[in-house]
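Mapping to the UniProt record's numbering: the sequence shown position 411 is 411, numbers consecutive. The C-beta atom is built at its ideal place from N, Cα and C for all residues, glycine as well. Data block below; observations after.
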Amino acid sequence: MRPIKLHLTNFGPFLNETVDFTEVKDNQLFLISGKTGSGKTMIFDAVVYALFGEASTKDRKESDLRSHFAESKKPMVVEFEFKLRDQYFKIQRQGAFIKEGNKNKTLGQLAVYQYEGDDFALRESKINSGNLFIKELLGVNAEQFRQLFILPQGEFKRFLLSKSIEKQDILRTLFNSQRFEEIQKKLSDDVKEVREQIETRYNQLENHWKELETFDDGILNEHKLTNARQTNHIIKALPEFKAKGQTIRDNLKSQKDTLKTKLNTSETNLNENIKLEESLNKLQDNQQKYNELLVNEYEINKKIKRVKEINEVRPITNLLDAKDNINFKQDELTHKIKDKNEHINEIEEQLKQCHHELAKHKEIENDIGELRHFVEQTQLFFEKASKYKIAYTNCQSLNDAYTHLEKELANKNEQINHIKVELNDRHPDYQRIEQITNEIFDFNTKIKQLKQNEKDKFAFEALENRKNQKQIYLKELNIERKQLEEKSKRIDKSNLDLNNKKDIIATVQAALHTGDTCPICGNEIHTLSNHINFDEIIDRHEQLTQIEQKSATLKENQIKCESELAYINEQQSHYSLDALKDTNYKSLELDLDKKYEEKRNLEEENNKIVNLKEQLQQSEKNYHDLQMNIQKKEHSLKENETLVNDFEHTTGYKQVEVFITDFENSRDKIRHFEQVLNEIEQKIQSYNSNLAVEKNSASYLEKHLTEIEEEIKITETKINEEMQRIGFTSLDQVNQVAAQVSEKEDLERDIEAFNKSKQSYELYISQLKTEINNKELEDTQQLILIFEELQQLYEAVSTELSQHDYKIEFNNKKIAEINKIIDILNSELQAQQEVFQLAEILAGKNDQKLTLENYVLIYYLERILTQANQRLAVMTGQRFQLTRRAQISQGYSGLEIDVFDTHSNQTRHITSLSGGETFQASLALALGLSEIVQQESGGIALESMFVDEGFGTLDQETLETALDTLLSLKSTGRMVGIISHVSELKQRIPLILEVTTEQYQSTTHFKNQ
């Protein structure tokens, strides 16, 4: 990401300011300079705020960024243009604020643009979606951006000196290491869930083990005391529970079978004795009833005789009944034949009337035929009557339109000829415009160069004046130094070494006396008076000291002056003296204005020609369209005229409405004629059909009447023959016997009931005698007591066996569950053992007491330190190396940084470094962090970096080393900007972004030195 332009409105001290970063050439280092509080850091704040809505440091809030001098109704706006790889983007972000007089806050706004074609196109217009778009575009969040692109005041030093827990917050944000903590947590949750599941299984196993039935067996009770978690002992003991239960069941089953046999025998004896007793009682009762039945046998015989007489007269009565029925049918048929004949006469009369109506209706058939011919010939024209109506209407309108189009075509042809005359075969001369454009570009290039020569000339002259001043000043310094040297030579320098020995000499004098031997020279002391004037020595010494100080100052000034002269000579060597002489660009500007005028006239001429050509092309297109339209109108007119001619020739009408009326009348007459004709013919057909049916029915009835009369004669013959057979001479005798027929059923019912009862008693008595068969009857009550006693014993054993079977089944289920749970536990414990160990290791239960996330952060930190040490070694002359403090403790440990000093061959605490050394370490660490994050983030394009303060703590040599480090970044293609008050940086960095403050607002401008 490379900044292009930054426009600030009401942002900090900038009320309306634009910073154009295009003045920073490729791969150039520049300095941001200005007074304290002028707003240098606010430039960084503006970049970060535009991208993320935050300041460049966490300490400043969004509300702190708005200018206190902004108008109350105007918002704070930052517009930031930047280049990312080969694409250009622009971001406009407006801060939220409360307008004067309002209580509610005016919400912020965000717009993200991307350059396409010749202009910026809007990509996002909402804050949330825009923030997400920017984050995905850059590939970093605000925290990562601060570490990669902007190194604010104190931020990278804070990371160097921070504790493990603080570094953990920063590193986990930069490298997204929360995912490792989530993995660890997920694994811990899974392990916890598995442990809970295993514990649940152990609880289930213990419950099943406690619920096992011991059958009151001592050995099994001892087994039950075993802990359920001792699965191996449980597995061994389970077969004993099964075996003991089966042994008890076998004993109970044997007892039950024995009692069952005895019970069945007792029940059989009891049932047979009861049955014998019941049979004896039944035999006695049925024998008595049988004897009573035989008393009625005489009356039954008399009833049998009367039934026989009734049966002999039965055929004659049947024949008499049949004769009566046949006579009734004869009368009924005679009446029906009479009705049929009357109905036939009525139908024949109605049929005669219908034939008369039909003949009368057909008298108009010829007229209807003519109408039918007319309708058939004109049917198609009637169905499409609307089409022919439209054709009549279109003929007139198409004639008018055709005439109008011919006039319009003539006008359009005249217009085309006029445009061709005005165009006169001219064509746009784009080649000449391109030629003039190139000439204008050359003029601009030359003028720009000449203006730059003029600026360089002024700069060179300023350097020359400055150089002359410095040379004069240097000569003055040399003269003054020579004067001081002469003055120093004139001063007596003898005994100056005694200046500070006055007290020592006084002490020696106090210890010696006249005539003693001198401890210094060994001669005899003749006098102890003062031979040296110490005040005069002190005065001479002070004079020499002042001369030396002035000389040192002069020498320092001389060195600075010579250094500045060398710098001026170096700056002047960059200029070409020949180029400085060539500064006349006024005549070129006049020529340039003429070229602009020529280009403008030519462009106007080209535009006029292009417009005429477009008008000609459009007119020709319109002319062609008119021709096509005329052809269409002519074709439509012919089609409509053809339709009108067909209509008039076929129908004989010239008005469609009159034709429709006559056609509908004719059609209605035809339909009415056919409808009446169909109704008469349908009546005739119906009457003929009904007449045939009635005649056929009458013939059938007469034939059936003849058959009935023949049947009456046959029946009378049969009656006479049957009376002769029985011996009756008259019908009265027959009727007398027939009167008794109603009693026949009662008589037969009594006879049948007697016979059935007699036969039933005889059969049942025989069966009872067979069952008894001379058997001896026993005491039933005694047999019942024996049976009930055996049954109680049997039920008791059966109940005990059922209860025991339930216990066995219960035990089998529990044993199966126990085996199943133990198998599952063994399988789960074997499968999850490694997972349990892994979860403990990732949770920090290892030799280093490191969690998974902390281990990953240590890995990244060591990579950062390796990268940082490459630069720190250069900056410190291979003296310092950053190392990670190895320590074992719970929590986020192992992220503290120490420094290894190769001079002392010992590791030191990071806080033991001096201010300059701390800056070097912080800068190296920040650059290392930036490079590692870039390597890990892949999609991040680092084309710029900004450093805020920190250089004031460095000495001259260390400052040079730090600058060389930043210059090496510049050589990799990055734009590097530095905020600092160190004056030496202004001499080393030629491009300066000067931030000037005037009362309550600040302005910026780039300048070269």
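Taking 3 residues as the minimum length, the beta strand (DSSP E) runs contained wholly in the segment 81-168 are 87-94, 109-116, 119-124, in order along the chain. In this structure, the straight-line span from the alpha carbon of residue 74 to that of residue 985 is close to 38 Å. Across the structure, residue 815 and residue 202 are spaced so that their CA atoms are roughly 14 Å apart. Judged by DSSP secondary structure, residue 906 falls within the beta strand (DSSP E) whose first and last residues are 906-909. DSSP links residue 993 through a beta bridge to 32, 1006.
Taking a C-beta distance under 9 Å as the contact criterion, residue 466 and residue 564 qualify as a contact pair. Out of 882, 16, 82, the CA that lies nearest to the CA of residue 1000 is found in 16.
Under DSSP, residue 5 takes part in a beta bridge, and its partners are 20, 81. A contact is defined here as three or more CB-CB pairs under 8 Å, and the segment 760-775 fails this definition with respect to the segment 235-255. Straight-line spacing of the CA atoms in residue 110 and residue 1007 works out to 33 Å. A residue is called buried once 16 or more other Cβ atoms fall within 10 Å of its Cβ, and residue 675, having fewer, is exposed. The beta carbon of residue 437 sits closer than 8 Å to the beta carbons of 599 from its chain, once the five residues preceding and following it are set aside; these are given in chain order.
Distance from the CA of residue 46 to the CA of residue 572, rounded to the nearest whole angstrom, comes to 38 Å. Judged by DSSP secondary structure, residue 42 falls within the alpha helix (DSSP H) whose first and last residues are 40-52. Residue 239 sits exposed, since fewer than 16 C-beta atoms from the chains shown fall within 10 Å of its C-beta. Cβ atoms of residue 783 and residue 270 come within 8 Å of each other, at about 4 Å. In the DSSP annotation of this structure, the continuous segment of the beta strand (DSSP E) that includes residue 882 starts and ends at 880-884.
In this model, residue 103 and residue 77 are separated by some 21 Å (Cα to Cα). The beta carbon of residue 455 sits closer than 7 Å to no other beta carbon from its chain once the five residues preceding and following it are set aside. The Cβ atoms of residue 97 and residue 91 lie no closer than 9 Å to each other.
Closest in C-alpha terms to residue 701, from the list 105, 337, 25, 287, comes 337.
Scanning its chain for C-beta atoms nearer than 6 Å, with the 5 sequence neighbours on each side dropped, one finds around residue 255 the residues 797, in chain order. By the neighbour-count criterion, in which a residue is buried when 16 or more other Cβ atoms sit within 10 angstroms of its Cβ, residue 328 is exposed.
Straight across, the Cα-Cα distance linking residue 963 with residue 924 is about 12 Å. In this structure, the straight-line span from the alpha carbon of residue 989 to that of residue 29 is close to 7 Å.
Of the candidates 393, 320, 856, 541, the residue whose Cα lies closest to the Cα of residue 718 is 320. Within the same chain, and ignoring the five residues on either side of residue 224 in sequence, the residues whose Cβ sits closer than 8 Å to its Cβ are 209, 210, 212, 214. Annotated three-state conformation of residue 977 is strand, per DSSP. Under the three-state reduction of DSSP, residue 328 is assigned to helix.
Pairing residue 311 with residue 732, the inter-Cα distance amounts to about 18 Å.
Counting the other CB atoms within 10 Å of its CB gives residue 7 a total of 16 or more, which places it among the buried residues. Our two residues, residue 23 and residue 106, have alpha carbons roughly 36 Å apart in a direct line. Just measuring C-alpha positions, the residue of 428, 945, 427 sitting nearest residue 48 is 945. Cβ neighbours of residue 122 within its own chain (closer than 7 Å, five residues either side excluded): 111, 113. Between residue 869 and residue 861, the gap from beta carbon to beta carbon reaches 9 Å or more. Residue environment for residue 168: buried (at least 16 other C-beta atoms within 10 angstroms of its C-beta).
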